[in-house]
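Protein chains in written order, with the numbering used here: chain Z, -4 to 349; chain V, 2 to 116. Quick notes on the structure that follows.
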Amino acid sequence: MIEALIKFLCAIVWFLLLSLYLTWAERKESAVMQDRVGANRANFFGFRILGLFQPLADAIKMMTKEDFTPAFSKRFLHNLAPFLSFFFVAVTISTIPFGSHLMIGGKEFRLQVIDLNVGILFVLALLALSIYGVILSGWVSNNRWTLLGGLRGSAQLISYEVALGLSLIGIIMVFPSLKFSEIVGFQSELLFGWLPKWGVFLQPLGLIIFLMAAMAESERVPFDLPEGESEIVGFFTEYGGLKYGLYMFTDFMKVLIIACLLTTLFFGGYHVPWLYADGFHFPWGGDWLLPHGIVVLFQVIMFNLKVFFFCWLQILIRWTYPRFRYDQLMDFGWKFLIPLSLFNIAATAVLMSL
Amino acid sequence: MSELFIVFLVTGVLGFFLVIVNKIIGPKRTNPIKQTPFECGSPYLQDRIYPVPIKFYLVAFLFLLFDVEVVFFFPWALIFKEIGSLALISMSVYILILIAGFIYAWKKGAFVWEK
Chain Z
-4 MIEALIKFLC AIVWFLLLSL YLTWAERKES AVMQDRVGAN RANFFGFRIL GLFQPLADAI
56 KMMTKEDFTP AFSKRFLHNL APFLSFFFVA VTISTIPFGS HLMIGGKEFR LQVIDLNVGI
116 LFVLALLALS IYGVILSGWV SNNRWTLLGG LRGSAQLISY EVALGLSLIG IIMVFPSLKF
176 SEIVGFQSEL LFGWLPKWGV FLQPLGLIIF LMAAMAESER VPFDLPEGES EIVGFFTEYG
236 GLKYGLYMFT DFMKVLIIAC LLTTLFFGGY HVPWLYADGF HFPWGGDWLL PHGIVVLFQV
296 IMFNLKVFFF CWLQILIRWT YPRFRYDQLM DFGWKFLIPL SLFNIAATAV LMSL
Chain V
2 MSELFIVFLV TGVLGFFLVI VNKIIGPKRT NPIKQTPFEC GSPYLQDRIY PVPIKFYLVA
62 FLFLLFDVEV VFFFPWALIF KEIGSLALIS MSVYILILIA GFIYAWKKGA FVWEK
């Protein structure tokens, strides 16, 4: 009990802090891409450090705003919508493995909060449930633009949910388990004696479908029809203060959880190539034995590096492409991604039974 | 199972705190104009839900059909390695039926958003 509580507190602090600083990373990366300086004014006793205090200043500003409910809406539901949106995404971090095992004084601690035997289904179900936050906020604000945003959002999310589920079938066929720890364990083996057996080498098409469907799930710019900053302002138009902040936060949390899922399912999770429980064993001969603590440290650092890379990649895509039109978005989901993922399943099945 | 309960409890308490923090430390200055729905400055015209296109309903219906079919894939994929060619044959029949329904929906124009 206490162990799970401590592990979950560590995981959620990691999760929330990183999604807070993703706002900073996004502003800085977009600034670099557009030849600007980006946020650099927030300071603490004159120390600016690249504007690293900006997310904290934003958070304090949002906390001191007025709590606001529009006249026609239901107060309870208006408060419930951002809570649901935040809650279902924040819970998913509990299933992600950050490392294998840490031995402290003869006791073994798994670096994962809960090792559910239905891990993948659990994460997919909770990400699907966060649609309720979108559609409820659109409906309860009693404003036709938010209603349109909420409906657009729910239609988009459920359309891409199908492709998201189908793209993971291939991975489960190759690594037959729904536990994240076992899927990561399968990826520690080697192909041809030297190539790490990562999901990306066995399921390249599945990776592409998963990345596109997951980016559509995160409602960011190529797929930001529910927000549509330049047309309808979005399903959260009637929200202010930290209740709006929770929606913005949920976006970045989704980016982070997608990066975690990509890492865990397709890029070997916490595995460093050729690093085993007792140190490196290189395929060209030669060993570099390491103590247990250093191995675990390497694993956690590698996991973080992979997650940062995929966050960076998603921000890069967000600032590179323009927005879809709504019929193009629906065509892309139904007419392209779903047939392609069915083809991926068929091809995987045929190749595996050869 | 109790671990899952702890996770839900901690996240729930955190979310509850984040939702009510504005109510606790924010200012309270409200007036009737501030409470009207956001309409880009023009007067607010109607206080009821506007009719929405029926296409959204159709998308939700298609999602129900296809997502139930996706769920059937998961147990099959888990034991695919063990039962081999029988799994391949039975699932190809299932995928053919699924694709037949998909082509029917496509031909009926269910995926055409605007005519």
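Beta carbons are placed, not taken as given, at the ideal position from N, Cα and C, and that holds for glycine. Please read all numbers here as calculations on a predicted model, not as lab measurements.
State the beta-bridge partners of residue i as determined by DSSP.
i: His73 (chain Z); result: The partner list for His73 (chain Z) (beta bridge, DSSP) is empty, contrary to what the question assumes.
i: Met98 (chain Z); result: Z:Glu103
i: Pro351 (chain Z); result: Nothing can be reported for residue 351 (chain Z): it is not among the residues displayed for chain Z, which extend from -4 to 349.
i: Phe42 (chain Z); result: Z:Phe39
i: Leu284 (chain Z); result: Z:Gly274
Assuming residue i and residue j are in contact, meaning their beta carbons sit under 8 Å apart, how far apart are those beta carbons, in whole angstroms?
i: Val135 (chain Z); j: Pro221 (chain Z); result: The pair is not a contact, with the Cβ atoms about 15 Å apart (cut-off 8 Å).
i: Phe10 (chain Z); j: Met248 (chain Z); result: 7 Å
i: Asn138 (chain Z); j: Pro38 (chain V); result: 4 Å
i: Ala6 (chain Z); j: Ser89 (chain Z); result: 6 Å
i: Cys255 (chain Z); j: Ile91 (chain Z); result: 5 Å
i: Val302 (chain Z); j: Thr245 (chain Z); result: Going by Cβ atoms, the distance from Val302 (chain Z) to Thr245 (chain Z) rounds to 18 Å, so no, they are not a contact pair.
i: Gly160 (chain Z); j: Gly229 (chain Z); result: At roughly 26 Å, the Cβ-Cβ gap does not stay under 8 Å, so Gly160 (chain Z) and Gly229 (chain Z) are not in contact.
i: Trp269 (chain Z); j: Phe262 (chain Z); result: About 15 Å; that fails the 8 Å criterion.
i: Phe74 (chain V); j: Trp329 (chain Z); result: Incorrect: roughly 18 Å between the Cβ atoms, too far for contact.
i: Ser154 (chain Z); j: Met325 (chain Z); result: 6 Å
i: Gly16 (chain V); j: Phe81 (chain Z); result: 5 Å
i: Ala211 (chain Z); j: Ile253 (chain Z); result: The pair is not a contact, with the Cβ atoms about 10 Å apart (cut-off 8 Å).
i: Gly133 (chain Z); j: Leu124 (chain Z); result: The pair is not a contact, with the Cβ atoms about 16 Å apart (cut-off 8 Å).
i: Met(-4) (chain Z); j: Ser3 (chain V); result: 6 Å
i: Trp140 (chain Z); j: Ile44 (chain Z); result: About 39 Å separates the two Cβ atoms, so there is no contact after all.
i: Ser14 (chain Z); j: Leu349 (chain Z); result: The pair is not a contact, with the Cβ atoms about 43 Å apart (cut-off 8 Å).
i: Phe81 (chain V); j: Pro191 (chain Z); result: Phe81 (chain V) to Pro191 (chain Z), Cβ: 23 Å. No contact.
i: Ile126 (chain Z); j: Leu106 (chain Z); result: The Cβ separation is near 30 Å, so there is no contact.
i: Asp322 (chain Z); j: Trp114 (chain V); result: 4 Å
i: Leu121 (chain Z); j: Ile7 (chain V); result: With 8 Å as the limit, Leu121 (chain Z) and Ile7 (chain V) do not qualify as a contact, their Cβ atoms being about 16 Å apart.
i: Tyr265 (chain Z); j: Phe298 (chain Z); result: 4 Å
i: Glu24 (chain Z); j: Ile310 (chain Z); result: 5 Å
i: Ala66 (chain Z); j: Phe57 (chain V); result: Actually they are not in contact, since the Cβ atoms of Ala66 (chain Z) and Phe57 (chain V) sit about 26 Å apart, beyond 8 Å.
i: Lys64 (chain V); j: Glu156 (chain Z); result: It is worth fixing the name first, because residue 64 (chain V) is Phe in this sequence and not Lys. At roughly 7 Å, the Cβ-Cβ gap stays under 8 Å, so Phe64 (chain V) and Glu156 (chain Z) are in contact.
i: Leu79 (chain V); j: Leu173 (chain Z); result: 7 Å
Tell me which residue opens and which closes the alpha helix (DSSP H) that residue i is part of.
i: Gln49 (chain Z); result: Gln49 to Met58
i: Ser204 (chain Z); result: In the sequence as displayed, the identity of residue 204 (chain Z) is Ile instead of Ser. First-last of the alpha helix (DSSP H) with Ile204 (chain Z): Pro199 to Glu212.
i: Ala88 (chain V); result: Ser86 to Lys108
i: Ser3 (chain V); result: Ser3 to Ile26
i: Trp77 (chain V); result: Lys56 to Leu79
i: Val364 (chain Z); result: No answer is possible for residue 364 (chain Z): the residues shown for chain Z start at -4 and end at 349.
Between residue i and the ligand NAD, is there a pair consisting of the residue's CB and a ligand heavy atom that are separated by less than 8 Å?
i: Phe3 (chain Z); result: Among the ligands in the structure shown, none appear at all, so the ligand NAD cannot be discussed.
Enumerate, from N- to C-terminal direction, the unbroken alpha helix (DSSP H) stretches of 4 or more residues contained entirely within the segment 100 to 175 of chain Z.
114 to 124, 126 to 135 and 139 to 169
Whole runs of the beta strand (DSSP E) within the segment 219 to 281 of chain Z, excluding any shorter than 3 residues
274 to 276
Taking contact to mean at least 3 C-beta pairs separated by less than 8 Å, is the segment 235 to 249 of chain Z in contact with the segment 75 to 93 of chain Z?
yes
Three-pair Cβ contact test at 8 Å for the segment 185 to 202 of chain Z versus the segment 25 to 39 of chain Z:
no
The segment 19 to 32 of chain V touching the segment 85 to 102 of chain Z, judged by at least three CB pairs closer than 8 Å
no
Report yes or no: do three or more beta-carbon pairs, one from the segment 17 to 29 of chain Z and one from the segment 323 to 343 of chain Z, lie closer than 8 Å?
no
Counting pairs of Cβ atoms below 8 Å between the segment 279 to 295 of chain Z and the segment 307 to 316 of chain Z, do you hit three or more?
no
How about the segment 335 to 348 of chain Z and the segment 80 to 88 of chain V: do they share at least three Cβ pairs that are nearer than 8 Å?
yes
To test your reading of the DSSP string, which unbroken beta strand (DSSP E) runs of 3 or more residues are found completely within the segment 300 to 349 of chain Z?
none
Counting Cβ pairs, one atom from each stretch, are 3 or more of them under 8 Å apart for the segment 5 to 12 of chain V and the segment 175 to 190 of chain Z?
no
Does the segment 111 to 122 of chain Z come into contact with the segment 152 to 168 of chain Z, if we say contact requires no fewer than three beta-carbon pairs (one atom in each stretch) closer than 8 Å?
yes
Any chance the segment 59 to 74 of chain V sits against the segment 93 to 109 of chain V, with 3 or more Cβ pairs inside 8 Å?
yes
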